[in-house]
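Numbering-wise, the numbering used here puts 147 at position 147 of the sequence shown, and it's gapless, one number per residue.
Comments concern the structure below.
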Amino acid sequence: MTQTTKLRAADEAAQQIRLLLLDVDGVLTDGRLYYGDDGHEFKAFNVKDGLGIKLLQRGDIDVGIVTARQSSLLSRRCAELGIEIVIQGREDKLIAVRELLEETSLTESQVAFMGDDLPDLAAIQTVGLGMTVADANHVLVDQSLWQSQYPGGGGAVREAAEFILGAQGKLDQQVSTYSSSAKFDTRHNE
Ligand SMILES: [Mg+2]
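What follows is the structure, given as structure tokens:
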């Protein structure tokens, strides 16, 4: 598939999406795992991604997490962002996605999955819109319909959110809620 064909296919697929599933390490983070002396683990999340997730939710597109690892700090970040679908500690992400489809009655074409490495491959190949980050493994890049120009933890999820909202014609409306005309006197709108 050429880049143009891929982008057109991604745009078409994005119009159907009701749920975006995200891998954590290497997608919502830069993939580094930080450990403190006391055994505690640290991760850095990007606030731009956080707002992208909020924009999707306000645009009636659900967001969920599917990760092989398990961490309480992830649970906390998800709670902050109002993410209710949080699947942790699942090595086989495809099975996790299939179970979720059954629970939610969504079809594969209504789901997008964003990952960065081989454990995400089967899920990306199965859902309607496979998405990946700028610094993804090359196999993922090849098999995804859409690739962010930003790396994991560097705004890739924000760009993915805007891509899906844009394809559904919802982006301008979400952005406009932040503009001064939405906040002040309606005279400014004339
Ligand atoms: Mg990963």
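Glycine included, C-beta positions come from ideal geometry on N, C-alpha and C.
For my contact list, residue i and residue j are in at a C-beta cut-off of 8 Å; report their separation, rounded to the angstrom.
i	j	result
A161	L73	About 22 Å separates the two Cβ atoms, so there is no contact after all.
V63	L22	7 Å
Q16	G128	6 Å
Y34	F45	Their Cβ separation, rounded to whole angstroms, is 12 Å, which puts Y34 and F45 out of contact at 8 Å.
Give me whichever residues DSSP pairs with residue i in a beta bridge.
i	result
Y34	F42
A112	L20 and L129
D62	L19
Kindly list the residues whose CB is nearer than 7 Å to the CB of residue i, restricted to its own chain and excluding five residues on each side of it in sequence; keep chain order.
i	result
Q3	none
T126	L94, V97 and E108
S144	I124, G130, M131 and T132
V27	M114, G115, D116, V133, G152, A156 and V157
Below 7 Å, is the gap between the Cβ of residue i and the nearest heavy atom of ligand 1?
i	result
V127	no
D30	no
G130	no
D25	yes
G82	no
Just to confirm, is the Cβ distance from residue i to residue j under 8 Å?
i	j	result
R158	L20	no
D30	G166	no
T132	G115	yes
R69	D25	yes
Y150	A134	yes
L75	V66	In the sequence on display, residue 75 carries Ser and not Leu. Not closer than 8 Å, so no.
L81	I61	no
So, for residue i: in the same chain, excluding its five sequence neighbours on each side, which residues have a beta-carbon less than 6 Å away from its beta-carbon?
i	result
V175	none
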